[in-house]
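Residue numbers (this note's numbering), protein chains in the order written: chain P, 1 to 242; chain B, 1 to 242. To start, the structure under review is shown below, and the notes come after it.
2 protein chains.
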Amino acid sequence: MERSQIYRVSVADQVAGVLRQRVLSGELRPGTSLQEIPLAESLGVSRNTMREAMRILSLEGLLKRSIHRGIAVAQLSLRDVQEIYHVRRVLEISALEAAKAPAPELLRELFAALEQYEEAVEVRDWISAVNHDLHFHSLLIRFLGNKRLESFYQKTIGELRVGMVLVDQRHDHPGILIPVHRKLYQLLTAGKLKQCAKILLQHLDDSESRLSKVMNDHGATRTPESSARSKTNGKAAARVHD
Amino acid sequence: MERSQIYRVSVADQVAGVLRQRVLSGELRPGTSLQEIPLAESLGVSRNTMREAMRILSLEGLLKRSIHRGIAVAQLSLRDVQEIYHVRRVLEISALEAAKAPAPELLRELFAALEQYEEAVEVRDWISAVNHDLHFHSLLIRFLGNKRLESFYQKTIGELRVGMVLVDQRHDHPGILIPVHRKLYQLLTAGKLKQCAKILLQHLDDSESRLSKVMNDHGATRTPESSARSKTNGKAAARVHD
DNA sequence: ATCTGTCAAGTGTTGAACAATTCAACAAAC
DNA sequence: GTTTGTTGAATTGTTCAACACTTGACAGAT
C-alpha cells in the first residue's frame with residue numbers, strides 16, 4: 001500500500017507555517033508586533049492555537065516574545081549578523097571538508113540552484129534570486145549528511161533572511177555574486193576543496209560586510225529595542241525569554 | 001543601580017524547566033510516555049500550560065510528539081549518537097581553533113571543572129562526574145564567543161545526556177577519562193592547539209564508540225520509530241515504562 | 001484465528017472567563 | 001515645570017470546561 005505521504009499536521013503547525021512564510025517573505029517586517037486575538041481571528045483559529053504557533057516561531061528565533069509585552073518579528077542587531085555569519089563559516093567550511101567524494105545527485109542540485117539563481121537575476125526577481133543563493137549554500141551543508149546540523153543551519157539562515165528583507169532591491173545587487181558561486185561550483189566539482197574554501201570564506205566575509213553596511217545606513221536611528229520603550233532606560237527593557 | 005536581574009518567567013517556562021531537569025537527570029527515562037492531564041495536575045498547572053511546556057521540550061528535542069498518540073521522552077538511535085558526536089567534533093574543534101588567545105577567566109573555569117570532575121570520580125558520584133565532564137566540553141565551546149553556537153551545542157549535549165542515562169554507573173567508568181581531560185587542559189594552556197585537537201578527536205571517537213557499544217548491548221532491537229508501531233513493539237515500549 | 005465494529009481514553013482544538021502586567025493619561029505634590 | 005502617585009483600558013498569561021477526532025484494545029461474528 002501507498003502509505004508514504006500522509007501528512008497529519010496539527011493546526012498549530014500549519015498556522016506556524018503560514019506565519020513563518022509571512023515573516024521570511026518580508027510581508028511581516030522586523031519589529032512588527034503581532035497581537036494574538038486579531039491574528040487568531042484573521043486565520044480562523046482559536047487564541048490558544050495561535051499561541052502555540054507563536055511559541056514555535058519564537059523558539060525558532062523568528063519571533064521575539066517579551067513577557068506581558070507581546071510578540072514581535074525578530075530584529076537583527078549587528079552583533080546578530082556577526083554571529084550568524086560566524087555560524088555560516090563554521091558549518092559551510094566543515095561541509096566543504098566533507099565533500100571529498102561529493103554525491104553526484106547533490107552536485108546536480110547545486111548546478112540547478114545555480115542556474116535558477118542566474119535566471120532569477122536575469123528577470124530581476126531579486127527576492128527569488130536571494131532564495132536560490134541561500135539554497136545553494138544550504139545544499140553545501142547537505143554534504144555533512146547530518147540532520148541536526150542541517151536544521152540548525154536552516155534555522156540560522158531563516159534568521160538572516162528576516163534581516164535581509166530590509167536590504168532588498170534598493171540597496172543591493174545580487175547579480176554581482178553570480179561569478180563567485182559559479183567559481184565555487186567549478187572548484188567543488190574539480191575537487192579543489194582548499195581553494196574552494198578560500199573563495200567561500202571571502203564570499204562570506206564580503207556578504208557580511210555588505211549586510212552590515214546596509215544595516216548601518218538603514219537602521220541607524222532605530223535600535224532593536226526601540227519597539228519596547230521605557231522612559232528611564234530602553235536597554236533594560238529587552239528582557240526576553242524563549 | 002545594581003539591581004539583580006529580575007526574572008519574570010512564565011509558568012510554562014518553569015514547568016518546562018522542571019520537566020527538562022527530570023529528563024536530563026534520568027528520573028524520566030527514554031521512552032516514558034507523558035500524559036498531559038495527570039502531569040498537569042501533579043504540578044498544579046492547567047492542561048494548556050502543560051501543553052506549552054511540552055511544546056518547548058519537544059522543540060528542544062528532549063521529548064518526541066506524535067500526533068494523537070502522545071508525547072514520550074526521546075530515545076536515541078545509534079544514528080542519533082553518530083550525528084551528535086559529529087556535531088561535537090565540528091563545534092569543539094572549531095572552538096579550539098578559536099582559542100589562540102584564550103581568556104584567562106575561561107581557563108580558570110576549565111580548571112575548576114576539571115577539579116570538580118576529579119573530585120566527583122573520587123567520591124564515586126558518577127552522575128556528577130558526567131556532568132562536570134560535559135561542562136568541561138561546554139566551556140571549550142565558549143571560546144567561540146557565539147551565543148547561537150553555544151545554545152545549539154547545549155541542546156545537542158542535552159539530547160546526548162538523555163541517552164546516557166541508560167549507560168549509567170553499571171556499564172561505564174568515567175574515571176578513566178580523567179587523564180585525557182587533564183592532557184587537553186595542559187595542551188590548551190601551553191598553546192599547542194594542533195596536538196590538543198588531535199587528542200580531542202581521539203577522545204570523542206572513543207566516547208562515541210563506547211556509548212554505541214553500550215547501547216547495542218543494552219537496547220538491542222529498539223529504534224525510536226518502533227514505539228509507535230504495532231502490537232509486538234507495543235510490548236517492548238511497555239517494558240520501558242516500568 | 002482473522003476480521004470488523006464498538007468503545008474508552010487521550011490528544012487536538014475551541015471559546016470564554018479571570019488574573020496579572022504594561023502603558024499611557026491624568027491628577028497631585030513639591 | 002518636573003516629579004510622583006493613581007487610575008483605567010488594553011493585552012498577555014493562565015485556567016477551565018467542553019467537544020471533535022484518533023488511536024488502541026477488546027468483544028463478537030465470520
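Using N, Cα and C, we set each Cβ at its ideal position, and we do this for glycine too.
| Check | Outcome |
| --- | --- |
| How is the alpha helix (DSSP H) around B/S243 delimited, first residue to last? | Here chain B has residues from 1 to 242 only, and residue 243 of chain B is not among them. |
| Taking only beta-carbon atoms, is B/I71 less than 8 Å away from chain P? | no |
| Can you name the residues of chain B whose CB is closer than 9 Å to the CB of P/I56? | R55, L59 |
| One question on the structure: do B/R161 and B/L139 come within less than 8 Å of each other, judged by their Cβ atoms? | no |
| Please check if any C-beta of chain B sits within less than 8 Å of the C-beta of P/H137. | no |
| Per DSSP, which one or two residues make a beta bridge with B/S33? | B/A72 |
| Exposed or buried, what is B/D80 when buried is set at 16 or more other beta-carbons lying within 10 Å of its beta-carbon? | buried |
| Suppose contacts are defined by Cβ-Cβ distances below 8 Å. Is B/F136 in contact with B/A113 by that definition? | yes |
| Name, in chain order, the residues that DSSP records as bridge partners for B/K64. | B/A72 |
| Considering only their Cβ atoms, is the gap separating B/L144 from B/S94 smaller than 8 Å? | yes |
| Would you mind telling me which residues of chain B sit closer than 7 Å to P/R210, beta carbon to beta carbon, in chain order? | The contacting residues do not exist; P/R210 stays about 20 Å from chain B at best. |
| Quick one: grab the DSSP three-state call for P/V15. | helix |
| If you scan the segment 154-225 of chain B from start to end, which runs of the beta strand (DSSP E) of 3 or more residues do you find wholly inside it? | none |
| So with CB distances below 9 Å, who are the chain B contacts of P/S33? | Near P/S33 there are no residues of chain B at all, since even the closest Cβ is about 18 Å away, more than 9 Å. |
| If I measure Cβ to Cβ from B/R142 and keep anything under 7 Å in the same chain, skipping five residues before and after, which residues do I get? | L106, E150 |
| Which one of P/E119, P/S66, P/A129 has the shortest CA to CA distance from P/Q35? | P/S66 |
| Buried or exposed: which applies to B/Q186, given that a residue is buried once 16 or more other Cβ atoms fall within 10 Å of its Cβ? | exposed |
| In chain order, what residues of the segment 67-91 of chain B put their CB closer than 8 Å to some CB of chain P? | I67, H68, E83, I84, H86, V87, V90, L91 |
| Between the Cα of B/L28 and those of B/D205, B/G163, B/L188, B/L200, spot the shortest distance and give me the residue it belongs to. | B/G163 |
| Please list, in chain order, the chain P residues whose beta carbon lies closer than 8 Å to that of B/E52. | R51, E52, R55 |
| If you follow the alpha helix (DSSP H) that P/L114 is part of, which residue opens it and which one closes it? | 104-122 |
| From B/V23 to B/Q82, what does the alpha carbon distance come to, in whole angstroms? | 21 Å |
| Label B/V18 either buried or exposed according to how many other C-beta atoms from any shown protein chain fall within 10 Å of its C-beta, with 16 as the threshold for buried. | exposed |
| What residues of chain B sit near P/R20, judged by a beta carbon separation below 9 Å? | Under the 9 Å cutoff, chain B gives no residues; its nearest Cβ is about 13 Å from P/R20. |
| Show which residues of chain B have a CB atom less than 7 Å away from the CB atom of P/F143. | Chain B residues near P/F143: none, gap ~12 Å exceeds 7 Å. |
| Taking P/K115 as the reference, give the member of P/L62, P/P104, P/N131, P/A103 with the closest Cα. | According to the sequence displayed, residue 115 of chain P carries Glu and not Lys. Selected option, being the one with the closest Cα: P/N131. |
| Between P/T32, P/G31, P/P38, P/L43, which lies nearest to P/A12 when the distance is taken from Cα to Cα? | P/L43 |
| Whose C-beta lies closer than 7 Å to the C-beta of B/E118 among residues of the same chain, with five residues either side of it excluded? | I178 |
| Could you check the C-alpha separation between P/R51 and B/T49 for me, to the nearest Å? | 11 Å |
| For a contact meaning CB atoms closer than 7 Å, what does B/K147 contact in chain P? | E83 |
| Going along chain B, which residues have a C-beta under 7 Å from P/S94? | V90 |
| Thinking C-beta only, is P/S46 closer than 8 Å to P/A53? | no |
| Buried or exposed, going by whether 16 or more other CB atoms sit within 10 Å of the CB of P/A129? | buried |
| Please tell me whether P/T189 has its Cβ less than 8 Å away from any Cβ of chain B. | no |
| How would you label B/H218, buried or exposed, when you count the other beta carbons within 10 angstroms and need 16 or more for buried? | exposed |
| With 8 Å as the threshold, decide whether the Cβ of P/E46 is near any Cβ in chain B. | First, the amino acid is wrong: residue 46 of chain P is Ser here, not Glu. It does not; no Cβ of chain B falls within 8 Å. |
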